[in-house]
Amino acid sequence: MSFLSFSRSRLARVTALTQQPCRMVLPASSPQSSSFHSPASRSVLKESDRHRDDLGSEIDKHNQDQINRHKEGHEKAGWVEELASSSEENVKADRGEISDPTFDKIQEEIKKHAAQGKGKKA
Numbered sequence: 346m347s348f349l350s351f352s353r354s355r356l357a358r359v360t361a362l363t364q365q366p367c368r369m370v371l372p373a374s375s376p377q378s379s380s381f382h383s384p385a386s387r388s389v390l391k392e393s394d395r396h397r398d399d400l401g402s403e404i405d406k407h408n409q410d411q412i413n414r415h416k417e418g419h420e421k422a423g424w425v426e427e428l429a430s431s432s433e434e435n436v437k438a439d440r441g442e443i444s445d446p447t448f449d450k451i452q453e454e455i456k457k458h459a460a461q462g463k464g465k466k467a
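Residue numbering for the sequence shown follows the working numbering, starting at 346 and increasing by one per position.
The following block contains the structure:
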């Protein structure tokens with residue numbers, strides 16, 4: 346049998362190696378990396394608003410406005426476009442949840458043109 350063919354000298358070397366404390370070789374400087382990184386939070390309204398001077402006062406103004414609306418009895422203060430990020434605005438627009446008078450007016454004009462176009466073709 347092959348496991349019996351170990352010589353006493355080889356067995357002694359293997360035993361001596363396993364009885365020594367294990368040593369790991371590490372690089373001189375190991376890079377510090379984490380699997381999860383969260384960036385520092387910034388007081389900005391939008392991604393494009395980073396370089397404005399009056400951001401703090403504008404954030405406080407919107408905050409006070411929402412607090413006042415809540416105190417007046419409005420259960421939900423509503424969605425404020427100025428406080429939303431650009432990506433939140435895009436999602437809202439894609440869903441058709443924008444309540445802007447100009448937007449509503451343009452939508453009505455498009456519906457009228459579409460109805461007129463169907464009337465001419467039929």
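The beta carbon of each residue, even a glycine, is placed where N, CA and C say it ideally should be.
I think residue i touches residue j, with their Cβ atoms under 8 Å apart; what is that distance to the nearest whole Å?
| i | j | result |
| --- | --- | --- |
| GLU427 | HIS407 | 6 Å |
| LYS450 | ILE443 | Not quite, the Cβ-Cβ distance comes to about 12 Å (not below 8 Å), so this is no contact. |
What is the DSSP secondary structure of residue i, reduced to helix, strand or coil?
| i | result |
| --- | --- |
| VAL436 | helix |
| ARG397 | coil |
| ASP445 | coil |
| SER430 | coil |
| GLU417 | coil |
| SER462 | According to the sequence shown, residue 462 is Gly rather than Ser. Note: GLY462 maps to helix in three-state DSSP. |
For residue i versus residue j, is the C-beta distance shorter than 9 Å?
| i | j | result |
| --- | --- | --- |
| ARG414 | GLY423 | yes |
| PRO409 | VAL425 | As written in the sequence, residue 409 is Gln, which differs from the Pro given in the question. It is not a contact, given that the beta carbons lie outside the stated cut-off. |
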